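Following full-length UniProt numbering, the numbering of the sequence shown begins with 1 at its first residue and continues without gaps.
Inspection log for the structure reproduced underneath, given as structure tokens.
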Amino acid sequence: MRGVKYLDLTNNRLDFDDDKTLQDLPYLEVLDLSYNAHYFRIAGVTHRLGFIQNLTQLKVLNLSYNSIYTLTEYELKSLSLEELVFSGNRLDLLWNAEDGRYITIFKGLVNLTRLDISFNNLQRIPDEAFLNLPQNLTKLYINDNMLNFFNWTLLQYFPQLHLLDLSRNKLSLVTHSLSTFTTSLQKLLLSQNRISHLPSGFLSGASSLVHLDLRSNLLRMLNKSTLQTKTTTNLAVLELGRNPLDCTCDIGDFQSWMDENPNITIPRLIDVICDSPGDQRGKSIVSLELTTCVSDTIAAVLFFFTFFITIMVMLTALAHHLFYWDVWFIYHVCLAKVKGYRSLSTSQTFYDAYISYDTKDASVTDWVINELRYHLEESEEKNVLLCLEERDWDPGLAIIDNVMQSINQSKKTIFVLTKKYAKNWNFKTAFYLALQRLMDENMDVIIFILLEPVLQHSQYLRLRQRICKSSILQWPENPKAEGLFWQSLKNVVLTENNSRYNNLYVDSIKQY
């Protein structure tokens, strides 16, 4: 008898009161003690199961249908047990909220991979009890209880769980995103519950799930967003029978999902039938004709409306890209003609050049103050007097008035351009005021210094480069060329732009 590996003691009246029980069977691997409820139901009788830790080869233990509601040991222990069938007992009493003695009843089964706690009258599972289940579990059966809530977040503590059976309970809610809490689950059984809605993104990211059973619930609508996964799905079986589906036009979304996923099998799809509306009741979803859901008139109206909006957006973007500067130029010319030009009280020029630059950019400000100002104002040759915002503007005067005064009291206006400053409203304002002098006083005062490649598609800049190329200077990348840059800048500041015009273009313009 010592070599026995399988022992069936079902349907008896066994009472275990000794930890040395079955110690003469050291090779026992499977022990079936189901249907021995007689003494387990009697209060005050010793109920010892501690003997299982002495069965060092035991792998499968069946304690089902014994109505166990109390034990002498508060925690079962075994280093070898891999499968425990504990169905048909009274975990609802063992895990009573007022009695925490049995919260860790399964914690000592450190190598347990399969646990069946079905038919235990559970209305809820305490979080602490669930967290004390062996974390090596691969299969967990909680079916045929009375659960009305399941804490999905706790699944994250069971990284090897492949199968979860919650069928035949009273669940009405599921998690918003299954993959948030488990990435190992392959089979999820939720049949015969009270689930009426699957949230959007329920299967998003659940790439490991292979089998999903939703039969006999209260589902009325299935959406593509609910079943769609962000990554490649491994879902192979989706069971949906006996749900009161509402087969309105919205069910077309689910039909579209089925067409896009031909590898997913829906068993007995012909039995997935509609419950409403009345004219579709009893019909299979595969036989539905949803062509009447599309209105040709509405479709045509929506098409032309979206087409018109699309064309307008494209034309607006194209016009903004190609003619932005032209439109603003024409706008200010017309504005000047309507309002007239109001010059300052004096037209005397005090400065050789006004410097317009991005004062909020620390690197540009440093370059203007310590490089440009130094080479133009403090050079050994003829000095140039500059008008700088930080130094020469009148305190308390409005910004626009200071800009107008600086431009009109300077012989030239130098724009130090970066990509950021070229989009700045301050630059545009100063630029149009400088252009105003060209139109009203016939004085071309504009000089550009390009610290970065900017306005490469500007028609004005292209035209100016052909007419007066010397008024557009590019900061050199080669440090040895900086001396030439400063000399060229000083030359263009101290001479009239008109004298530097390209005669070929000037003569062509004069002909017209």
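All C-beta atoms, glycine included, are put in the ideal place defined by N, C-alpha and C.
This one's a predicted model, so the numbers in the text were calculated from it and none came from an experiment.
Three-state class that DSSP yields for residue i in the structure shown
i, result
"residue 423", "coil"
"residue 278", "helix"
"residue 343", "With a pLDDT of only 41 at residue 343, under the threshold of 50, the placement of this residue in the model should not be trusted; the figure read from the coordinates follows. Residue 343: coil per DSSP, three-state reduction."
"residue 428", "helix"
"residue 509", "Because the pLDDT at residue 509 is just 44, under 50, the model does not fix this residue reliably, and the value given afterwards should be weighed accordingly. Helix at residue 509."
"residue 384", "coil"
"residue 141", "strand"
"residue 5", "coil"
"residue 392", "helix"
"residue 416", "strand"
Spatially closest choice to residue i from the options, by CA coordinates
i, options, result
"residue 227", "8, 197, 429", "197"
"residue 97", "125, 36, 109", "125"
"residue 140", "186, 377, 475", "186"
"residue 289", "392, 274, 298, 118", "274"
"residue 23", "5, 10, 375", "5"
"residue 210", "265, 245, 12", "265"
"residue 76", "161, 15, 61", "61"
"residue 229", "204, 148, 360, 103", "204"
"residue 70", "418, 47, 423, 433", "47"
"residue 518", "53, 383, 357, 323", "In the structure as shown, the chain starts at 1 and stops at 512, and residue 518 therefore has no counterpart that could be examined."
"residue 81", "489, 438, 109, 72", "109"
"residue 188", "392, 499, 249, 212", "212"
"residue 352", "376, 386, 377", "386"
Where residue i falls, given that 16 or more other Cβ within 10 Å makes a residue buried
i, result
"residue 425", "exposed"
"residue 263", "exposed"
"residue 113", "buried"
"residue 430", "buried"
"residue 206", "buried"
"residue 45", "exposed"
"residue 182", "buried"
"residue 421", "buried"
"residue 201", "buried"
"residue 236", "exposed"
Length of the line joining the Cα atoms of residue i and residue j
i, j, result
"residue 50", "residue 56", "12 Å"
"residue 8", "residue 38", "17 Å"
"residue 285", "residue 241", "11 Å"
"residue 251", "residue 238", "16 Å"
"residue 163", "residue 41", "32 Å"
"residue 415", "residue 395", "22 Å"
"residue 355", "residue 225", "58 Å"
"residue 145", "residue 74", "23 Å"
"residue 400", "residue 409", "14 Å"
"residue 334", "residue 486", "37 Å"
"residue 276", "residue 193", "20 Å"
"residue 223", "residue 214", "14 Å"
"residue 367", "residue 488", "17 Å"
"residue 243", "residue 67", "34 Å"
"residue 491", "residue 482", "14 Å"
"residue 271", "residue 256", "19 Å"
"residue 346", "residue 391", "Low confidence applies here, because residue 346 scores a pLDDT of 40, under 50, leaving its location unreliable; read the following figure in that light. If I take the Cα positions, the gap works out to 21 Å."
"residue 234", "residue 184", "12 Å"
"residue 131", "residue 157", "7 Å"
Any beta strand (DSSP E) of 3 or more consecutive residues that is wholly inside the segment 349-377: The qualifying runs are 351-356.
Contiguous beta strand (DSSP E) assignments of at least 3 residues, all confined to the segment 50-134: You should have 60-62, 83-85, 114-116.
Entirely within the segment 236-288 and at least 3 residues each: give me those beta strand (DSSP E) ranges in chain order. Counting only runs that start and end inside the segment 236-288, the beta strand (DSSP E) elements of at least 3 residues fall at 237-239, 274-276.
In chain order, each alpha helix (DSSP H) run of at least 4 residues that lies wholly inside the segment 430-483: Listed in chain order, the alpha helix (DSSP H) runs fully inside the segment 430-483 are 459-467, counting runs of at least 4 residues.
May I have a chain-ordered list of the alpha helix (DSSP H) segments no shorter than 4 residues that lie completely inside the segment 21-54? Qualifying alpha helix (DSSP H) stretches, in chain order: 37-40.
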